[in-house]
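In UniProt numbering, the protein residues as written are 1 to 252.
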Amino acid sequence: MAVALNTLVEEADRYLASSRIADYCPNGLQVEGAPQVMRIVSGVSASQALLDAAVEADADLVLVHHGYFWKGENPCITGMKQRRLKTLLKHDISLLAYHLPLDLHPEVGNNVQLARQLDITVEGPLDPDNPKTVGLVGSLSEPMTPRDFARKVQEVMGREPLLVESEQMIRRVGWCTGGGQGYIDQAVLAGVDLYLSGEASEQTFHSARENGISFIAAGHHATERYGVQALGDYLARRFALEHIFIDCPNPI
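Laid out in structure tokens, this is it:
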């Protein structure tokens, strides 16, 4: 079956409440392609590799977490940006992108979906005074050592994470997918035993060590693979479409 592009975009915008979330980029339809959609290809970032794979898969729409037109970037359509847009326009493929709305969503959001992958029970936002905080706090069903939890992360992510190990067992976890290492201070205030994010900064090591908690950096790309898949599956079910998730490996 096929659905009108406008209908699909309206439903995605509504489902994610994207108009109510301030962001660093436009959320929703970023590049308009064919007026009808039958096949969705999803991926983490709208890289050239993903676009080429979408062309090969005969996709009508590419759905991503990291799209284009970020605040402060050079607006000129040259170089890499020109080649990417040319690929979409030449093949009449739409680009649909959701950044913070996909991090925050309580069902298909990156943070909720990662919790399901790692068997963490969600308790609430990382900052209890701000339910819009990008990041969550939760608990494990059984305490684990930091190394055992890191091994579980490796099994799920398919890559060895960076572990800053404390001496205490892991019962309560805080996390924020992607580049959320800066929330470690909120995690400390929330009383977690371990904070997990996609990336690490130089100061993250010291914050973890000096505050007596463990820290894991599991990869920006790796931690954000699950939300876009869940959103693609939702849209496919809603409109009886075909959905293909394509993972273009990224070690960062």
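Glycine included, every Cβ here is placed at the ideal spot set by N, Cα and C.
What number of angstroms, rounded off, separates the C-alpha of D185 from the C-alpha of F215?
If you number the sequence shown from 1, residue 185 lands on position 185. If you number the sequence shown from 1, residue 215 lands on position 215. Distance between the alpha carbons of D185 and F215: 12 Å.
By DSSP, does A208 sit in helix, in strand, or in coil?
The sequence position of residue 208 within the sequence shown is 208, counting from 1. Of the three classes helix, strand and coil, the one that applies to A208 here is helix, per DSSP.
DSSP three-state label for P143, please.
In the sequence shown, residue 143 corresponds to position 143, counting from 1. Strand, per DSSP.
Assign H220 to buried or exposed, taking buried as 16 or more other Cβ atoms, counted over all protein chains shown, within 10 Å of its Cβ.
Numbered from 1 along the sequence shown, position 220 holds the residue referred to as residue 220. The residue in question, H220, is buried, as its Cβ has 16 or more Cβ neighbours within 10 Å.
Which same chain residues end up closer than 6 Å to E242 when comparing Cβ atoms and leaving out the 5 residues on each side of it in sequence?
Taking the sequence shown and counting its residues from 1, the one referred to as residue 242 is at position 242. Correct list, in chain order: R39.
Sort Y98, D52, R20 by Cα distance to L231 and report the nearest one.
Here residue 231 refers to the residue found at position 231 when the sequence shown is read from its first residue. The shortest C-alpha separation from L231 is found at Y98.
From D129 to W70, what distance separates their C-alpha atoms?
Against the sequence shown, residue 129 aligns to sequence position 129. Against the sequence shown, residue 70 aligns to sequence position 70. D129 and W70 have their C-alpha atoms some 28 Å from each other.
What residue does the beta strand (DSSP E) around P125 start on, and which one ends it?
Indexing the sequence shown from 1 puts residue 125 at position 125. Segment 121-125, the beta strand (DSSP E) holding P125.
Going by the DSSP bridge assignment, what does Q36 pair with across the sheet?
Translated into the one-based positions of the sequence shown, residue 36 becomes position 36. DSSP output for Q36 lists A4 as bridge partner(s).
Which one or two residues does DSSP pair with I252 in a beta bridge?
For the purposes of this step, residue 252 is taken as residue 252 along the sequence shown, with counting starting at 1. Looking at the DSSP assignment, I252 forms no beta bridge with any residue, so it has no partner.
Tell me which residues share the same chain as L118 and place their Cβ nearer than 7 Å to its Cβ, disregarding the 5 neighbours each side in the sequence.
For this step, residue 118 is matched to residue 118 along the sequence shown. Here L118 has K152, V153, V156 as same chain residues with Cβ atoms under 7 Å from its own Cβ, once five neighbours each way along the sequence are excluded.
Ends of the alpha helix (DSSP H) at H220?
On the sequence shown, residue 220 is found 220 positions in, with the first residue counted as 1. Annotation for H220: the continuous alpha helix (DSSP H) segment containing it runs 220-223.
Hey, quick one: how far does the beta strand (DSSP E) through A97 stretch, first residue to last?
For the purposes of this step, residue 97 is taken as residue 97 along the sequence shown, with counting starting at 1. Counting along the chain, the beta strand (DSSP E) containing A97 begins and ends at 94-97.
If you check the beta carbons only, do L102 and L95 fall under 8 Å apart?
Locating residue 102 in the sequence shown gives position 102, counting from the first residue. Locating residue 95 in the sequence shown gives position 95, counting from the first residue. No, Cβ-Cβ distance for L102 and L95 is not below 8 Å.
Which value, in whole angstroms, describes the spacing of the CA atoms of residue 253 and L196?
Beyond the ends of the chain as shown, which are 1 and 252, falls residue 253; an answer cannot be given.
Where DSSP assigns a beta bridge to Y195, which residues make up the other side?
For this step, residue 195 is matched to residue 195 along the sequence shown. Beta bridge pairing from DSSP links Y195 with G174, F215.
Quick check on the DSSP output: the beta strand (DSSP E) that includes F245 runs from which residue to which?
Against the sequence shown, residue 245 aligns to sequence position 245. Looking at the DSSP string, the run of the beta strand (DSSP E) that includes F245 is 242-245.
When you compare only the Cα positions, how much space is there between Y183 and E107?
Start at 1 with the first residue of the sequence shown, and residue 183 comes out as number 183. Start at 1 with the first residue of the sequence shown, and residue 107 comes out as number 107. Taken atom to atom, the span from the alpha-carbon of Y183 to that of E107 is near 22 Å.
Can you round the beta-carbon distance between A200 and Q229 to whole angstroms, since I take them to be within the 8 Å contact cut?
In the sequence shown, the residue the question calls residue 200 occupies position 200. In the sequence shown, the residue the question calls residue 229 occupies position 229. At roughly 25 Å, the Cβ-Cβ gap does not stay under 8 Å, so A200 and Q229 are not in contact.
Exposure of S141, with buried meaning 16 or more beta-carbon neighbours within 10 Å
As a working mapping, residue 141 is identified with position 141 in the sequence shown. By the neighbour-count rule (16 or more Cβ atoms within 10 Å), S141 is not buried but exposed.
Counting along the chain, where does the alpha helix (DSSP H) carrying Q82 start and finish?
As a position in the sequence shown, residue 82 is number 82, starting the count at 1. Per DSSP, the continuous alpha helix (DSSP H) segment holding Q82 begins and ends at 79-90.
Look at G109 and V137 and say whether their C-beta atoms are less than 8 Å apart.
Against the sequence shown, residue 109 aligns to sequence position 109. Against the sequence shown, residue 137 aligns to sequence position 137. Cβ atoms of G109 and V137: not closer than 8 Å.
For Q30, report the span of its beta strand (DSSP E) as first-last.
Here residue 30 corresponds to residue number 30 of the sequence shown, with the count starting at 1. Element bounds for Q30: 28-31.
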